[in-house]
């Protein structure tokens with residue numbers, strides 16, 4: 149089962 | 009038009025050097041970034057840095073009035089709340105015609121007024137359109153600089169064809185890049201090597217890579233990104249594992265870059 153990541157989660161990684 | 013598929017409204021940030029747009033889609037999965045340098049315009053003037061908040065759905069509808077031979081002039085006056093578009097046919101075969109209306113385009117669901125059809129029918133003549141500008145909070149933080157492990161350059165028409173064809177077969181696609189092969193595979197619910205329909209990669213593909221990359225993306229977004237293919241003969245796919253994909257179309261005086269968050273296994 150695949151889960152869509154959101155771009156904001158990458159933003160928060162800095 | 010390419011942007012309006014992804015985002016409904018956005019700020020065009022204008023300064024002396026260029027016009028830029030950066031906006032994320034409502035689901036926060038994709039981000040589109042556009043820059044058109046001042047030399048890309050026949051004439052360009054910006055007296056004051058200002059954002060132009062535009063309903064892209066409305067703008068796209070208005071742009072459909074233009075034909076390839078039309079020169080489009082965009083104007084926004086200081087303190088104005090409208091973006092002014094003027095289409096002028098290169099060859100003024102017909103006597104000059106002036107058409108103007110204020111269109112409050114923020115309500116995209118409202119039908120066009122009947123006279124809009126009249127306006128379309130009179131092209132290529134001389135048309136004057138206004139779009140209401142909206143104030144919108146811009147995305148102030150630019151996308152962080154990322155060093156990607158792979159860069160694949162291929163003809164944009166081939167990329168468009170691949171993602172369009174695969175979108176007929178499934179919702180997701182896996183892009184794997186190794187030293188000599190790019191594999192773009194459709195994924196099934198229970199995927200196995202035998203189940204994958206691999207698409208052959210045409211000539212004219214350049215692979216640059218530091219390490220093997222394998223990522224899965226929603227095809228729907230890639231198909232939308234590929235609508236920018238007419239802007240550039242080539243497209244670049246920049247990828248690192250566990251990092252959003254960058255799909256980049258560069259043209260002479262600017263670019264359109266689309267970022268897409270990957271899908272991951274639970």
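Chains as they are written, first to last, in the working numbering: chain A, 149 to 162; chain B, 9 to 274. Every residue, glycine too, gets a C-beta built ideally from N, C-alpha and C.
Within 10 angstroms of its Cβ, does residue i collect 16 or more other Cβ (buried), or is it exposed?
i             : result
residue 220/B : exposed
residue 265/B : buried
residue 47/B  : exposed
residue 185/B : buried
residue 268/B : buried
residue 23/B  : exposed
residue 234/B : buried
residue 214/B : exposed
residue 75/B  : exposed
residue 35/B  : exposed
residue 79/B  : exposed
residue 158/B : buried
residue 226/B : buried
Between residue i and residue j, what straight-line distance do the alpha-carbon atoms span, to the nearest angstrom?
i             : j             : result
residue 169/B : residue 88/B  : 42 angstroms
residue 33/B  : residue 16/B  : 8 angstroms
residue 258/B : residue 187/B : 24 angstroms
residue 178/B : residue 217/B : 27 angstroms
residue 243/B : residue 53/B  : 30 angstroms
residue 223/B : residue 157/A : 16 angstroms
residue 56/B  : residue 231/B : 37 angstroms
residue 31/B  : residue 70/B  : 20 angstroms
residue 248/B : residue 58/B  : 35 angstroms
residue 250/B : residue 152/A : 12 angstroms
residue 11/B  : residue 189/B : 30 angstroms
residue 86/B  : residue 271/B : 44 angstroms
residue 39/B  : residue 256/B : 12 angstroms
residue 149/A : residue 95/B  : 50 angstroms
residue 25/B  : residue 49/B  : 11 angstroms
residue 27/B  : residue 45/B  : 6 angstroms
residue 171/B : residue 229/B : 10 angstroms
residue 175/B : residue 167/B : 12 angstroms
residue 254/B : residue 66/B  : 27 angstroms
residue 51/B  : residue 245/B : 32 angstroms
residue 156/B : residue 273/B : 21 angstroms
residue 180/B : residue 193/B : 9 angstroms
residue 239/B : residue 260/B : 10 angstroms
residue 252/B : residue 14/B  : 16 angstroms
residue 191/B : residue 84/B  : 46 angstroms
residue 93/B  : residue 77/B  : 15 angstroms
residue 72/B  : residue 29/B  : 20 angstroms
residue 154/B : residue 41/B  : 15 angstroms
Assuming the contact rule is C-beta atoms closer than 8 angstroms, residue i and residue j should be a hit. Round their C-beta distance to whole Å, please.
i             : j             : result
residue 237/B : residue 165/B : 6 angstroms
residue 154/A : residue 37/B  : 6 angstroms
residue 43/B  : residue 263/B : 6 angstroms
residue 18/B  : residue 64/B  : 6 angstroms
residue 162/B : residue 212/B : 6 angstroms
residue 9/B   : residue 68/B  : 5 angstroms
### Task
For the stretch 248–266 of chain B, enumerate the residues whose C-beta is nearer than 9 angstroms to any C-beta of chain A, in chain order.
250, 251, 252
#### Entry: Residues within the stretch 220–238 of chain B neighbouring chain A, beta-carbon criterion of under 8 angstroms
224, 226
### Task
Please name the residues in the stretch 62–83 of chain B whose beta-carbon is closer than 9 angstroms to at least one beta-carbon of chain A, in chain order.
none
### Query
Using a Cβ cut-off of 8 angstroms, which residues of the stretch 158–185 of chain B contact any Cβ in chain A, in chain order?
180
### Task
Please list the residues of the stretch 19–45 of chain B that have a C-beta atom closer than 8 angstroms to any C-beta atom in chain A, keeping them in chain order.
32, 35, 36, 37, 38, 39
### Query
Which runs of the alpha helix (DSSP H) fall wholly inside the stretch 24–102 of chain B and span at least 4 residues, in chain order?
64–71
### Task
For the stretch 207–242 of chain B, list the alpha helix (DSSP H) runs that are entirely contained and at least 4 residues long, ordered along the chain.
227–234
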